[in-house]
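Have a look at the structure below, then the notes.
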Amino acid sequence: MSLAPLTPALAQQAAGSNAPAANQDVVAEVIVTATRSARRLQDVPMSVDVASGETLQKLNLTDVKDVQQLSPGLALTNTGGRNNTATLRGIAFDPDQGTSPAVDFYFNEVPSDAQSMFTAMYDLEQIEVLRGPQGALRGRTAPAGAITLRTRRADLDRVTGYVQAMGTDRDAVNLQGAVSVPLIPGKLALRASLLSDRNELNQVTNVTRGDHSYSKTKSGRISLAFAPTDNFRADLTYQDLNARNLQYMQVIGAGAQPSLFEPARSGPAADRYDRIAVTDGQRLYKNRTKILTLSAEWDLGEHTLSFVGGHQNTKLDQRGDNDTANTVPGLVLGQIAISPVKNDTGELRLASKGRQFWNYSVTVFANKGSGDTRVLQGSPVFFANAAPATPFPYSYGLYLPIDLDLTVGGKTKTLAVAASSSFQFTEKLRLEVAARYAKIDSEQYSTQTVTSAGLPAFFIPGFKDGPTNTIDPKLGNRTRKPLTGGASLTYEFNSDVTAYASYGRSYRDGTAAVGAPPVTSLILTRPERSDAIELGIKTQMFDRRLTFNADVFHQKFDGFLGR
């Protein structure tokens, strides 16, 4: 069960509303797009948390992970610098498990990923956190929920903008700003925004290397709005992101002398307050992401035809020392992982509007994604002395070098058709149903090569094993055809009190494990299906200055995917 506390509503004013001066102190209505159409938060039959761009600026929230402060039960974490994860309603996700996430991310309604969305947050119109299975209304299915980020659009009529600067006594500086200019008033406008952010991440100092953790992010965004007629508008957005994180892992303990033959220690004694690292090598993560999104809407009178499309090109470069505790002083147990990712999405949607009893929508969605991760890792085997029993130090050169070259990749194509209907039985009672049928073609492959230069002084020859395919193509190539969807029944007691009951079904495809034993049941995991039932009530009081929402849910999984 989840409860939303009694708090002032964080509202976004409805587009086009012009409240009289006497009522300017009234909190504006919160408008959300959780159901793919602009509706009052009060009318949406699901648990939704909302933060407008004005709220984010007012609270000085410059990191997506800070959004969890506004959304109870949401956990956004990055403990190791490499993997960003989102946990909602207790459903966790490990990016290394090779499946789609439990909580999906959308950038201007285009599917994206946590690694890109966590890195830069600026010039946003609104963030919405949707709880519960996502299986019909958006491009991808997820069992726990979705987080949508919507950027500010160019203003067709006015010159607008902002500049914001923030600094802390812990060497964090965030500079951001934007300006919007109408090029042809009412027809064409351009908005440009910039971000420069620097901070010291986990505040850990590497006493072996003499440097410390830091994060540097620079990003720019260009948005173009085009409205040649009163019933058509298109928005094109391009964002370029360049992030560089050096994040060391903190260690605590007394330190150690790994070898009796050498006085070198792994590091000094430290407790949790010292915040030190002792690795010989760096832990550096670089992210270069380019995102292009296009949204268009054509008002046809009784219907609206809309399109959302996007292209994302990301390159992740991760280089780290796996010897976190410095058990072999002087040696960098290096790992390099290069991950280029491409993702293309298109969605066409036709929706009715303004009908008294029955409204409906039909959607066609297509997505194509691909990405290879190449990992280069050294795993030397050290020899030890028998008496006294102690390993030989790295400086002696008495170890067998072993290097791993692993490539793990995959391609996915998704084609889906969805439909939804809304029946307004009375002014107070409404039924909504939606279904989505998808065809998912996926291909996974993995090759590995193990090499060693040998140890000639001890007559140990070098060798090369591979490249070897570690996934049978019969297991790595799959086609799935899931059916997902949901239904909700809403009763509006009055404009301030609404109750609802909803059902949702979600789906996640399984994966082919890398390096698993040659047993099909262990290599290939089953798809995950989940069914959830939710009961909720939403209330607002004192002209929306106070809100109280509560919901209780039950979700059952078949083939839960976890790691």
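The opening residue of the sequence shown carries number 1206 in the working numbering; numbering runs sequentially from there.
Every residue, glycine too, gets a C-beta built ideally from N, C-alpha and C.
Residue interval of the beta strand (DSSP E) (run including residue i)
| i | result |
| --- | --- |
| E1739 | E1733 to M1746 |
| A1761 | The sequence given here has Lys at residue 1761, not Ala. Looking at the DSSP string, the run of the beta strand (DSSP E) that includes K1761 is L1751 to D1763. |
| G1372 | T1365 to G1372 |
| Q1320 | Per DSSP, Q1320 belongs to no beta strand (DSSP E); it is in the alpha helix (DSSP H), A1319 to M1322. |
| E1632 | Here E1632 belongs to no beta strand (DSSP E), and DSSP marks it neither H nor E. |
| P1387 | V1378 to I1389 |
| L1400 | L1393 to N1404 |
| D1549 | G1539 to S1557 |
| K1421 | Y1419 to T1434 |
| A1692 | L1688 to N1699 |
| N1518 | H1508 to D1526 |
| R1336 | L1329 to R1336 |
| L1766 | Element bounds for L1766: n/a, residue is neither H nor E. |
| T1292 | T1290 to L1293 |
| L1729 | Counting along the chain, L1729 falls outside any beta strand (DSSP E), and DSSP gives it neither H nor E. |
| A1280 | L1279 to T1282 |
Alpha-carbon spacing of residue i relative to residue j, whole angstroms
| i | j | result |
| --- | --- | --- |
| R1477 | V1409 | 11 Å |
| R1426 | F1310 | 19 Å |
| A1174 | T1422 | In the structure as shown, the chain starts at 1206 and stops at 1768, and residue 1174 therefore has no counterpart that could be examined. |
| L1680 | Q1523 | 29 Å |
| V1533 | P1300 | 29 Å |
| G1539 | K1495 | 28 Å |
| F1628 | G1691 | 14 Å |
| Q1440 | V1513 | At residue 1440 the sequence reads Asp, which differs from the Gln that was named. Approximately 10 Å, taken between the alpha carbons. |
| T1675 | V1384 | 52 Å |
| A1226 | V1237 | Reliability of the predicted coordinates at A1226 is poor, the pLDDT of 40 falling under 50, and the value obtained from them is presented with this limitation in mind. Between A1226 and V1237, the C-alpha separation is close to 25 Å. |
| E1632 | V1249 | 15 Å |
| S1317 | T1684 | 22 Å |
| T1673 | D1528 | 27 Å |
| A1721 | S1242 | Its pLDDT being 48, under 50, A1721 is placed unreliably by the model, and the measurement read from it follows with that caveat. Roughly 45 Å between the two C-alpha positions. |
| I1491 | A1662 | The sequence given here places Lys at residue 1491; Ile does not occur at that position. One C-alpha to the other measures close to 40 Å. |
| D1748 | K1263 | 21 Å |
| T1346 | F1587 | 47 Å |
| F1668 | Q1653 | 14 Å |
| G1460 | G1472 | 5 Å |
| L1611 | G1576 | 14 Å |
| M1746 | P1277 | 21 Å |
| I1541 | G1535 | 19 Å |
| T1578 | P1545 | 7 Å |
| E1467 | D1526 | 22 Å |
| E1739 | G1486 | 49 Å |
| N1754 | I1742 | 6 Å |
| P1666 | L1660 | 6 Å |
| S1257 | Q1274 | 14 Å |
Beta-carbon spacing of residue i, residue j below 8 Å
| i | j | result |
| --- | --- | --- |
| Y1443 | Q1381 | no |
| V1255 | R1245 | no |
| P1342 | S1711 | It should be pointed out that residue 1342 corresponds to Leu in this sequence rather than to Pro. The answer is no: Cβ separation not under 8 Å. |
| A1469 | P1598 | yes |
| D1701 | T1744 | yes |
| L1335 | V1253 | yes |
| W1503 | L1510 | yes |
| T1356 | E1333 | no |
| Q1247 | N1289 | no |
| A1501 | T1568 | no |
| L1451 | L1489 | yes |
| Y1453 | A1474 | no |
| L1555 | S1566 | yes |
| S1424 | A1325 | yes |
Delimiting residues of the alpha helix (DSSP H) encompassing residue i
| i | result |
| --- | --- |
| P1306 | Premise fails: P1306 is in no alpha helix (DSSP H) and is neither H nor E. |
| T1260 | G1258 to K1263 |
| G1681 | P1678 to G1681 |
Expected contact under 8 Å - CB spacing of residue i and residue j to nearest Å
| i | j | result |
| --- | --- | --- |
| A1351 | Q1369 | So it is not a contact: roughly 27 Å between Cβ atoms. |
| S1420 | R1403 | 7 Å |
| T1550 | N1572 | 5 Å |
| E1507 | K1558 | 7 Å |
| N1531 | Q1455 | That pair is no contact at about 13 Å. |
| G1337 | A1639 | About 13 Å; that fails the 8 Å criterion. |
| Y1642 | A1621 | 7 Å |
For residue i: DSSP bridge partner residues
| i | result |
| --- | --- |
| R1480 | DSSP output for R1480 lists no bridge partner at all. |
| A1591 | DSSP, once it has assigned bridges, lists no residue as partnering A1591. |
| L1660 | I1665 |
| D1360 | Per DSSP, none; premise fails for D1360. |
| D1608 | G1583 and T1656 |
| A1704 | Y1696 and I1742 |
| K1618 | K1573 and D1646 |
| K1270 | None; K1270 has no bridge partner. |
| F1437 | T1434 and W1503 |
8 Å Cβ cutoff, residue i in contact with chain B
| i | result |
| --- | --- |
| Q1540 | Any reference to chain B falls outside this structure, which holds one protein chain only. |
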